[in-house]
Each structure stands twice: as structure tokens, then as C-alpha cells.
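Notes follow the structure.
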Amino acid sequence: MENKDIAKAVIEAIGGRDNVSSVAHCATRLRIMVKDEAKIAKDRVENLEKVQGAFFNSGQYQIIFGTGTVNKIYDEVVALGLPTSSTGEQKAEAAKKGNWFQRAVRTFGDVFVPILPAIVATGLFMGIRGAINNDTILGLFGTTSKAFAASDFYTYTVVLTDTAFAFFPALISWSAFRVFGGNPVIGIVLGLMLVNTALPNAWAVASGDAKPIMFFGFIPVVGYQNSVLPAFFIGLLGAKLEKWLHKKIPDVLDLLVVPFLTFLVMSVLGLFIIGPIFHSLENVILAATKAILALPFGLAGLILGGIHQLIVVTGVHHIFNLLEAQLIANEGKDAFNAIITAAMTAQAGATLAVGVKTKSKKLKALAFPAALSAGLGITEPAIFGVNLRYGKPFVLGLAAGYWWLVSLYSWTCWDWIWDYHHPRYASLSEWSSSSIYLYGTCNNWSWIWFDLCIWL
Numbered sequence: 001m002e003n004k005d006i007a008k009a010v011i012e013a014i015g016g017r018d019n020v021s022s023v024a025h026c027a028t029r030l031r032i033m034v035k036d037e038a039k040i041a042k043d044r045v046e047n048l049e050k051v052q053g054a055f056f057n058s059g060q061y062q063i064i065f066g067t068g069t070v071n072k073i074y075d076e077v078v079a080l081g082l083p084t085s086s087t088g089e090q091k092a093e094a095a096k097k098g099n100w101f102q103r104a105v106r107t108f109g110d111v112f113v114p115i116l117p118a119i120v121a122t123g124l125f126m127g128i129r130g131a132i133n134n135d136t137i138l139g140l141f142g143t144t145s146k147a148f149a150a151s152d153f154y155t156y157t158v159v160l161t162d163t164a165f166a167f168f169p170a171l172i173s174w175s176a177f178r179v180f181g182g183n184p185v186i187g188i189v190l191g192l193m194l195v196n197t198a199l200p201n202a203w204a205v206a207s208g209d210a211k212p213i214m215f216f217g218f219i220p221v222v223g224y225q226n227s228v229l230p231a232f233f234i235g236l237l238g239a240k241l242e243k244w245l246h247k248k249i250p251d252v253l254d255l256l257v258v259p260f261l262t263f264l265v266m267s268v269l270g271l272f273i274i275g276p277i278f279h280s281l282e283n284v285i286l287a288a289t290k291a292i293l294a295l296p297f298g299l300a301g302l303i304l305g306g307i308h309q310l311i312v313v314t315g316v317h318h319i320f321n322l323l324e325a326q327l328i329a330n331e332g333k334d335a336f337n338a339i340i341t342a343a344m345t346a347q348a349g350a351t352l353a354v355g356v357k358t359k360s361k362k363l364k365a366l367a368f369p370a371a372l373s374a375g376l377g378i379t380e381p382a383i384f385g386v387n388l389r390y391g392k393p394f395v396l397g398l399a400a401g402y403w404w405l406v407s408l409y410s411w412t413c414w415d416w417i418w419d420y421h422h423p424r425y426a427s428l429s430e431w432s433s434s435s436i437y438l439y440g441t442c443n444n445w446s447w448i449w450f451d452l453c454i455w456l
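Residue numbers (the UniProt record's numbering): 1 to 456.
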């Protein structure tokens, strides 16, 4: 079928244009706000060519087409004259539905997801620098790690790797202002205030090389280079304050007074109240997370690896973005991500097994791209398009999330999950469980895929 024909068939299957409020799309899914879910012929939709799966969530009927295809289908839908809206507008409408927890999770996701490209790219630069910066590699070029660290090129790599994390609060505050309807530029400036060089550097204070400024004799004030929650709540409250001031301040004074009062009020709240309180809360959350990751015998891997994809099905997995951002900012590593990577590749293995075993050409065409997508970290096509539909693959994918750590204890191997420094050779029995997540996978993808192909 041509994309134009698929677009027409989709509209017919969801109850016609009269059942459509608006249409938008994200990277992989066509998102349709429908008026009546009962009018959707779900089987017809899921059996259409190029459709990898579909599900209903908070007023949105989301049809998975995959990257590169969804935008083409969307263009054909728009050409049919259906009402459109931005994904942000649809999310705002969807946010009115669901309980408070679901709305909070969606909000966290909306704030942190736009920041991820900067974090991913920075992490990749760190990994590349770590791979290069060892005497074995540098010896091939007639130099040493000590000489490399003193070179101008190393200074350039520091610019690449340190900028995003040094100004992390500015990124978060910018994104929070954008999500909550404020001026993102004001958000950037407020975030930069949190890491102003006039304040003692948070890392220096933590290492004992500097002391916090004690305002009024009892309020410790430091820079917030490694903080997430203070910037998030400054962005939230700052955007709300700015919007409220726009309503109260006369238009003739708006340009001058609104940003002035927003900066004044939020800088005081941020440095003296929000910052100290939420920075302390962050330390508690981080300590609790590290305690869970350090559970003996790999229990954290067994638990998190087994349940993560169940959480993805509920749509609340974006709440982990906050946790991972905090781990990276404070530790320079993300053991949690190493665990859930295993859960993702387990679902990829289950989907791949379905593609290998099935005789249906349509299912093969759906399963193989979905398995690749899941292996790269986007599991929705695999889960909703294949594994949940047949049940058994999804259950065995969850089981493989548990089984992953068992396989780790049985092998000695090279690790290619970057810990933002360099890959290391590790005898798994010699490491604590938290180290295992970072240092040993034993070609994790191939192992899990092989397991599931045999089981299915």
C-alpha cells in the first residue's frame, strides 16, 4: 500500500474524520486525539501495512509506524484535511486526564527528555576520551597519558565533556520554564545563577577544598553544579510567578517589571530556600539509590531488570530520567542505565525470536525492525507491536531481564557498556553487584537473544 492509502485506511479504522479531534506525531508514533475510543476498530488498525502496533493512552490513540515512516504517514493524513496540533498541545490536553501521579510523571518526562541529546552526546565524548586516554593507545602515537593531559587538545576535550554538566541547572531550568509556560531565556539565566562563579563550587565543597557561604549564620549556600531538583523547582515556580506577574502588571511596565521581579524573587528563593532544601533531598535520594544498587548478589539487577519494561508499559518510566540525571551529575556514571539496558535488549531478543520463528511475512517485517529499535533503546514497537500482542514473548523478555545477571556471574568478559571512562576487563566474581552493572555484560545482547531464541 502507498502511504496515502495507509493514511486513508487509518482514518477509516478509527471511526472516520468525525471521531478525530487532532493529529500529531512524535519520533515513532502517529498520535491521534479521538472523541470516542469505542469507535476504533483496533484489529483493523493493527493489521494495516507498516503499522507496528497501537495503544490508547490518556485520550490519545498512538499508532506506531517507526522513525522515517511516521512523518510520511502524518503528511498524508494532514493532506486529507484533518485537524492538526503540536505534540505539546496534545500533551497539554492529555495532561488533563489521568491521576496526579501520571500527570507528574508526564511533566518530568517533558522537562528532561529535551535535555537528553546533550547528555548522550557529552557521555559519548567522555567515552571516546576515556578510550583514547590510556598509555596503550597513546603509545601507538608516541605519547603518554601524562603528556596528553597537558596538551591543548586535551583542553579542547574538556570543553566538550564538561560544559553540559557544569551548566546542567541552566539546561533544566530552561526546559522547565518552557514546559510550564514561562520565558525560557529567564529560565536559562536563573539556572546560570545557580552555578555562578561567585558561589563556592559544589564539587570543591564536597571534596573539602572550599567552604559554603553561611548567610545569616545558618543558611549554607553553594553552587549547584551537580544538582537537578533545585533547578527543576526554580523553573516550575519561576514560570508560574512570571505568568502571574504578566496578568497583574500593566502592559506599559510589563517588559521592565516582570523579568526584574521574577529574577529578584526566584534568586532569593533559589539560593536561600529551594536550593538548600532540595539539595539535601537529592542527597537522600542519591544515597538510597546507591544503597539499592549496592545490594549483594546482584539483587538490584534482578529486581530492576525484571520490572523495568512493565513500568514502560504503564508509561511512567520517564520518572527515572530524574534519577539518572542525578547519578550522572554526581557520580559521572549511571549504573541504573546499565541494568535497564539489559531489560531492553531482553525484549529485543524476544521480538527477534518471534521474527525468526514465525512464518508470517507481515510479522517478520514487523518483528525485525522492532527488535533493532529495542536493541537501540526504543522498546515501544517491540512491546506493543509484538511481545504484548502474543503474551509469551513479553513474559520471557521479563524473565531474561532477571536472567541477565545470572549469566553475568557465569562469565569473564569484555564490557562495552561505557562507564564514561573506558571499558575494563573484569572477572565478575571479583566485583560487587554495583560494579557488575558497569563492568560486565559478556556480549549481553548476543547472550540474551540466544537464550530467547532457544526458549521460544
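Ideal Cβ positions, reconstructed from N, Cα and C, are used throughout, including at glycine.
Problem - Cβ pair count under 8 Å reaching 3, the segment 167-180 against the segment 225-241 - result: yes
Practice task
For residue 213, collect the residues of the same chain with a Cβ closer than 8 Å to its Cβ; drop the 5 residues on either side in sequence, then sort them by chain order.
Solution key: What you label residue 213 is simply residue 213 of the sequence shown in a count that begins at 1. Answer for residue 213: 199, 200, 220, 221 and 222, listed in chain order.
Exercise for the section: Kindly give me the distance between the Cβ atoms of residue 268 and residue 242, rounded to whole angstroms, as I take these residues to be in contact under 8 Å. Expected result: The sequence position of residue 268 within the sequence shown is 268, counting from 1. The sequence position of residue 242 within the sequence shown is 242, counting from 1. The pair is not a contact, with the Cβ atoms about 15 Å apart (cut-off 8 Å).
Exercise for the section: Between the Cα of residue 240 and those of 183, 284 and 196, spot the shortest distance and give me the residue it belongs to. Expected result: As a first step, residue 240 must be located in the sequence shown, where it is residue number 240. Ranking 183, 284 and 196 by Cα distance to residue 240 puts 183 first.
Practice task
Give the straight-line distance between the Cα atoms of residue 132 and residue 359, rounded to the nearest whole angstrom.
Solution key: Your numbering for residue 132 matches position 132 in the sequence shown. Your numbering for residue 359 matches position 359 in the sequence shown. Those two C-alpha atoms are separated by around 46 Å.
Exercise for the section: Starting from the Cα of residue 192, find the closest Cα among 25, 168 and 179 and give me that residue. Expected result: Walking along the sequence shown from the start, residue 192 turns up at place 192. For residue 192, the nearest C-alpha among the options comes from 168.
Problem - Neighbourhood of residue 46 by C-beta, 6 Å cutoff - its chain only, sequence neighbours within 5 removed - result: Position 46 of the sequence shown holds residue 46. Excluding positions up to five away in sequence, the list reads 54.
Exercise for the section: Take the Cβ of residue 229 as the centre, count every other Cβ of all protein chains shown within 10 Å, and call the residue buried at 16 or more, exposed below. Expected result: Translated into the one-based positions of the sequence shown, residue 229 becomes position 229. Answer is buried; the Cβ neighbour count reaches 16.
Exercise for the section: Alpha carbon to alpha carbon, how far is residue 278 from residue 225? Give it in angstroms, no decimals. Expected result: Position 225 of the sequence shown, counted from the first residue, corresponds to residue 225. Position 278 of the sequence shown, counted from the first residue, corresponds to residue 278. Cα to Cα, the separation comes out at about 14 Å.
Practice task
With DSSP as the reference, please indicate the residues paired to residue 344 in a beta bridge.
Solution key: Translated into the one-based positions of the sequence shown, residue 344 becomes position 344. DSSP output for residue 344 lists no bridge partner at all.
Practice task
Starting from residue 31, follow its DSSP beta bridges and name the residues at the other end.
Solution key: Stepping through the sequence shown from its first residue, residue 31 is reached at position 31. Paired residues: 24 and 62.
Handout entry: CB of residue 69 within 9 Å of CB of residue 380, strictly
Key = The count along the sequence shown starts at 1 and reaches residue 69 at position 69. The count along the sequence shown starts at 1 and reaches residue 380 at position 380. Contact: no.
Problem - Contacts around residue 350, its chain only, beta-carbon distance under 6 Å, and the 5 residues preceding and following it disregarded - result: Residue 350 sits at position 350 when you count from the first residue of the sequence shown. 387, 393, 396, 397 and 452.
Handout entry: Beta-bridge pairing of residue 54 - partner residues as DSSP gives them
Key = Stepping through the sequence shown from its first residue, residue 54 is reached at position 54. Per DSSP, 63.
Exercise for the section: Kindly indicate which residue of 187, 120, 72 and 137 has the alpha-carbon position closest to the one of residue 264. Expected result: Here residue 264 refers to the residue found at position 264 of the sequence shown. Among 187, 120, 72 and 137, the Cα nearest to that of residue 264 is on 187.
Practice task
Give the single residue among 155, 83, 135 and 140 whose Cα lies nearest to the Cα of residue 146.
Solution key: Residue 146 sits at position 146 when you count from the first residue of the sequence shown. Closest in alpha carbon position to residue 146, among 155, 83, 135 and 140, is 135.
Problem - Nearest-angstrom Cβ-Cβ length linking residue 304 and residue 339, presumed shorter than 8 Å - result: In the sequence shown, the residue the question calls residue 304 occupies position 304. In the sequence shown, the residue the question calls residue 339 occupies position 339. 5 Å between Cβ atoms; contact.
Exercise for the section: Taking only the alpha-carbon atoms, compute the straight-line gap between residue 310 and residue 355 and give it to the nearest angstrom. Expected result: By 1-based counting over the sequence shown, the position of residue 310 is 310. By 1-based counting over the sequence shown, the position of residue 355 is 355. Spanning the two alpha carbons is a distance of roughly 22 Å.
Exercise for the section: Just the C-alpha distance for residue 498 and residue 150, rounded to the nearest angstrom, thanks. Expected result: Residue 498 lies beyond the stretch modelled for the chain, which goes from 1 to 456, so this question has no answer here.
Problem - Host alpha helix (DSSP H) of residue 384 (start-end) - result: By 1-based counting over the sequence shown, the position of residue 384 is 384. Segment: none, residue 384 is in no alpha helix (DSSP H) and carries neither H nor E.
Practice task
Taking 9 Å as the cut-off, decide whether the C-beta atoms of residue 73 and residue 10 are in contact.
Solution key: In the sequence shown, residue 73 corresponds to position 73, counting from 1. In the sequence shown, residue 10 corresponds to position 10, counting from 1. Yes, these two residues count as a Cβ contact at 9 Å.
Practice task
Could you name the residues of the same chain whose beta carbon sits closer than 6 Å to that of residue 41, not counting the 5 residues immediately before and after it, in chain order?
Solution key: As a first step, residue 41 must be located in the sequence shown, where it is residue number 41. Closer than 6 Å at the Cβ level, and outside the excluded window around residue 41, lie 13.
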